[in-house]
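Participant: Sharing a structure here in structure tokens format.
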Amino acid sequence: MDFNNDIHDDLEPEYDMEFNTTFGPNPMELPLSPPISPPPPGHPNYREASPFSTNTSMTSLDSTGSEGFYREESGRMYSALPGVPVVLPVDHAEIRRVSEQHELMKILCGEDTLALMRGVLDPQATRTLRVLDVISNSPWVDEMAEEYPYVKFHGCNFVPTRHPFHDNVQFEVYNLNDGFRGQDASYDIIHAANTFKMTRNFKEWLSEFKRLLRPNGLLIIRDLEIGSWMADGSDRDQFIPALMEHINCVKVSVLSQGIDLDMLPLIGSWLRDLDGFDDVDDTVTSIPVGDWETEVLQKEIGTMARDNIMSVLYSVHPLHRRIGKSAEEIEQLMQSARFELYDKGLRLFERMFCVVARRASNDAGET
């Protein structure tokens, strides 16, 4: 099978601006998925130099041009920035998957977290309220901007993937690993969803979040684990060998790039060690995978989670190529994993890790 030409129609349909959500998946002119190669010199869309070569290393998205930010690997597009880990692509199919995943995570987001956000984003505030969305690929920031039109929302990313739908949204593109743009104590909320795997040193990002947050500001970190578990505790290698091969491949590939995905549950502990945060609350939510639950909402959640895992399998196939698997071997793994997810009637679950912390009120000066 040629992954450069296979669209996988059942999992990665043509880009659809009307897909499922009010604001998604996005209006950016992203590379097609499977993408074309970057335009050569002389092509009308060729970019002479990446914007990251400048000293400011930041681009505000005010046009539809996006070529030059990407590079191609195994039929998918990734950030052209040197040093950015190769984990998940940033093309049409992946942003569509992220938009679907966003719908799942909205259901899972607890009312307590939403209440905390409403408490911070007080419409009677006498100053401009600001929110930062890190790796802003999903419709989250657009939906929030509509709900809170008096708040200024900033999205940041390694590559351009979205254009704002609202006047109170701005997206910026720069190398996040060089530090986050912004003055100290300038944001009231920082939201980071599924970002743990995007940097080699998440602890440095936590330090930056601490710097950027105003006193009493909220930090919200949510991440879906790359992993599947048997609900009855059975041996995963026996019952879901293809899924376990996929999980282990991703972990090994990402670890070779300096990211240990098994450290994800430690974010809350790292924040406590960092100091400067009050009320660090870290929770783990078990999510059914498949429609084996009896309650209607849990069935819906399980179906969405199962579809998302299958889509992730296709998104990370370049990682399998990196460890030497052939296209035929990868396709066989995909089919075996699909069978385990959809046809074996197994009771599986995955986990979402969520950390909500409040910036200490006496550890930073008001600005």
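Numbering (my numbering), first residue to last: 13 to 379.
Think of the CB as a built atom: it goes at the ideal place given N, C-alpha and C, for glycine as much as any other residue.
Less than 9 Å between the C-beta atoms of residue 320 and residue 108, yes or no?
Facilitator: As a working mapping, residue 320 is identified with position 308 in the sequence shown. As a working mapping, residue 108 is identified with position 96 in the sequence shown. Contact: no.
Participant: Rounded to the nearest angstrom, what separates residue 133 and residue 153 at their Cα positions?
Facilitator: Locating residue 133 in the sequence shown gives position 121, where the first residue counts as 1. Locating residue 153 in the sequence shown gives position 141, where the first residue counts as 1. Near 14 Å, if we compare the C-alpha coordinates of residue 153 and residue 133.
Participant: By the three-class DSSP mapping on this structure, what secondary structure does residue 139 have?
Facilitator: Taking the first residue of the sequence shown as 1, we reach residue 139 at position 127. DSSP places residue 139 in coil when its eight states are reduced to three.
Participant: Under 8 Å by Cβ, that's how I've got residue 185 and residue 289 pegged, so tell me the actual separation to the nearest angstrom.
Facilitator: Translated into the one-based positions of the sequence shown, residue 185 becomes position 173. Translated into the one-based positions of the sequence shown, residue 289 becomes position 277. Rounded, the Cβ-Cβ distance is 28 Å, inconsistent with contact.
Participant: Please report the straight-line C-alpha distance between residue 70 and residue 171, rounded to a whole angstrom.
Facilitator: Stepping through the sequence shown from its first residue, residue 70 is reached at position 58. Stepping through the sequence shown from its first residue, residue 171 is reached at position 159. Residue confidence for residue 70 is low, a pLDDT of 39 falling below 50, so the modelled location carries little weight; the figure read from the coordinates is stated next. C-alpha separation (whole angstroms): 10 Å.
Participant: Skipping 5 residues on each side, what residues in its chain have a beta carbon closer than 6 Å to that of residue 367?
Facilitator: By one-based count along the sequence shown, residue 367 stands at place 355. Closer than 6 Å at Cβ, skipping near neighbours: 233, 279, 280 and 294.
Participant: I need the boundaries of the beta strand (DSSP E) containing residue 270, first residue and last residue.
Facilitator: As a first step, residue 270 is located in the sequence shown; it is residue number 258 there, counting from the start. Neither: residue 270 is in no beta strand (DSSP E) and is coded neither H nor E.
Participant: Anyone know if the C-beta pair for residue 328 and residue 99 falls short of 9 Å?
Facilitator: The sequence position of residue 328 within the sequence shown is 316, counting from 1. The sequence position of residue 99 within the sequence shown is 87, counting from 1. Yes; because the gap between Cβ atoms is below 9 Å, this pair is in contact.
Participant: Hey, quick one: how far does the beta strand (DSSP E) through residue 182 stretch, first residue to last?
Facilitator: Position 170 of the sequence shown, counted from the first residue, corresponds to residue 182. 181 to 186 is the extent of the beta strand (DSSP E) around residue 182.
Participant: Looking at residue 363: is its Cβ nearer than 9 Å to the Cβ of residue 239?
Facilitator: Translated into positions along the sequence shown, residue 363 becomes position 351. Translated into positions along the sequence shown, residue 239 becomes position 227. Cβ atoms of residue 363 and residue 239: closer than 9 Å.
Participant: I'd like the list of long-range same chain contacts for residue 259, defined as Cβ closer than 8 Å, with 5 residues on each side in sequence excluded.
Facilitator: Stepping through the sequence shown from its first residue, residue 259 is reached at position 247. So the list reads 238, 239 and 240, once near-sequence residues are dropped.
Participant: Identify the continuous alpha helix (DSSP H) that holds residue 210 and give its terminal residues.
Facilitator: For the purposes of this step, residue 210 is taken as the residue at position 198 of the sequence shown. No alpha helix (DSSP H) holds residue 210; DSSP gives it neither H nor E.
Participant: Based on Cα-Cα distance, which residue from 131, 333 and 315 lies nearest to residue 304?
Facilitator: Counting from 1 along the sequence shown, the entry for residue 304 is found at position 292. Answer by Cα proximity: 315.
Participant: On the DSSP letters alone, give me the boundaries of the alpha helix (DSSP H) that residue 293 sits inside.
Facilitator: Taking the sequence shown and counting its residues from 1, one reaches residue 293 at position 281. Unbroken run through residue 293 is the beta strand (DSSP E), 289 to 301; no alpha helix (DSSP H).
Participant: Given residue 147, which residues of its chain have a CB within under 6 Å of its CB, disregarding the five upstream and five downstream residues?
Facilitator: Counted from its first residue, the sequence shown places residue 147 at position 135. Around residue 147: 169, 207 and 210.
Participant: Figure out for me which residue from 190, 166 and 313 has the closest Cα to the Cα of residue 360.
Facilitator: Indexing the sequence shown from 1 puts residue 360 at position 348. It is 313.
Participant: Quick one: is residue 338 buried, meaning 16 or more other Cβ sit within 10 Å of its Cβ, or exposed?
Facilitator: For this step, residue 338 is matched to residue 326 along the sequence shown. Per the 10 Å Cβ criterion, exposed.
Participant: Around the Cβ of residue 226, are there at least 16 other Cβ atoms within 10 angstroms (buried) or fewer (exposed)?
Facilitator: On the sequence shown, position 214 is the one that residue 226 refers to. The residue is buried, with at least 16 neighbouring Cβ atoms inside 10 Å.
Participant: Under a Cβ-count criterion, where at least 16 other Cβ atoms within 10 Å of its own Cβ denotes burial, should residue 149 be classed as buried or exposed?
Facilitator: Within the sequence shown, numbered from 1, the residue matching residue 149 stands at position 137. Per the 10 Å Cβ criterion, buried.
Participant: Helix or strand or just coil, what does DSSP make of residue 115?
Facilitator: The sequence position of residue 115 within the sequence shown is 103, counting from 1. Looking at residue 115 - three-state DSSP - the assignment turns out to be helix.
Participant: Can you find the residues in the same chain that come closer than 7 Å, C-beta to C-beta, to residue 124, ignoring five residues on each side of it along the sequence?
Facilitator: Here residue 124 refers to the residue found at position 112 of the sequence shown. Here the set comprises nothing.
Participant: Could you tell me how far apart the beta carbons of residue 224 and residue 198 are, in whole angstroms, since I believe they sit closer than 8 Å?
Facilitator: Within the sequence shown, the letter at position 212 stands for residue 224. Within the sequence shown, the letter at position 186 stands for residue 198. Indeed, because the Cβ distance is near 6 Å, the residues count as touching under 8 Å.
Participant: Buried or exposed for residue 301, please, with buried defined as at least 16 other CB atoms from any protein chain shown within 10 angstroms of its CB.
Facilitator: The residue given as residue 301 occupies position 289 in the sequence shown. Burial call: buried.
Participant: Per DSSP, what kind of secondary structure is residue 233 in: helix, strand or coil?
Facilitator: By 1-based counting over the sequence shown, the position of residue 233 is 221. Strand at residue 233.
Participant: Beta strand (DSSP E) containing residue 84: first to last residue?
Facilitator: Residue mapping note: residue 84 aligns to position 72 of the sequence shown, counting from 1. Per DSSP, residue 84 belongs to the beta strand (DSSP E) from 82 to 85.
Participant: In the structure shown, what three-state DSSP assignment does residue 166 receive?
Facilitator: The residue labelled residue 166 in the question sits at position 154 within the sequence shown. Residue state, collapsed to three classes: strand.
Participant: Quick check on the burial criterion: 16 or more other C-beta atoms within 10 angstroms. Buried or exposed for residue 162?
Facilitator: The residue you call residue 162 lines up with position 150 of the sequence shown. Residue 162 is exposed by the Cβ-count criterion.
Participant: Just how far apart, CA to CA, sit residue 158 and residue 309?
Facilitator: By one-based count along the sequence shown, residue 158 stands at place 146. By one-based count along the sequence shown, residue 309 stands at place 297. Taking the straight line joining both Cα atoms gives about 26 Å.
Participant: Over the uninterrupted alpha helix (DSSP H) stretch that includes residue 324, give me the two end residues.
Facilitator: If you number the sequence shown from 1, residue 324 lands on position 312. Taken as a continuous stretch (DSSP letters only), the alpha helix (DSSP H) holding residue 324 covers 308 to 327.
Participant: So the beta strand (DSSP E) residue 251 belongs to, where does it begin and stop?
Facilitator: Along the sequence shown, read from residue 1 onward, the residue named residue 251 stands at position 239. Not the beta strand (DSSP E): residue 251 falls in the alpha helix (DSSP H), residues 248 to 251.
Participant: Give the single residue among 261, 187 and 164 whose Cα lies nearest to the Cα of residue 177.
Facilitator: Your numbering for residue 177 matches position 165 in the sequence shown. Closest option to residue 177, Cα to Cα, is 164.
Participant: Taking all protein chains shown into account, do 16 or more other C-beta atoms lie within 10 angstroms of the C-beta of residue 356, making it buried, or fewer, making it exposed?
Facilitator: The sequence position of residue 356 within the sequence shown is 344, counting from 1. The residue is exposed, with fewer than 16 neighbouring Cβ atoms inside 10 Å.
Participant: On the criterion of 16 or more Cβ atoms from any shown chain inside 10 Å, does residue 352 qualify as buried, or is it exposed?
Facilitator: Within the sequence shown, the letter at position 340 stands for residue 352. By the neighbour-count rule (16 or more Cβ atoms within 10 Å), residue 352 is buried.
Participant: Residue 220: which of 283, 242, 182 and 205 sits nearest, CA to CA?
Facilitator: As a position in the sequence shown, residue 220 is number 208, starting the count at 1. Minimum Cα distance to residue 220 is reached at 283.
Participant: Considering residue 305, what are the terminal residues of the beta strand (DSSP E) in which it resides?
Facilitator: The residue labelled residue 305 in the question sits at position 293 within the sequence shown. First-last for residue 305: undefined, no H or E at that position.
Participant: Does the separation of the CB atoms of residue 8 and residue 167 fall below 9 Å?
Facilitator: Here the chain has residues from 13 to 379 only, and residue 8 is not among them.
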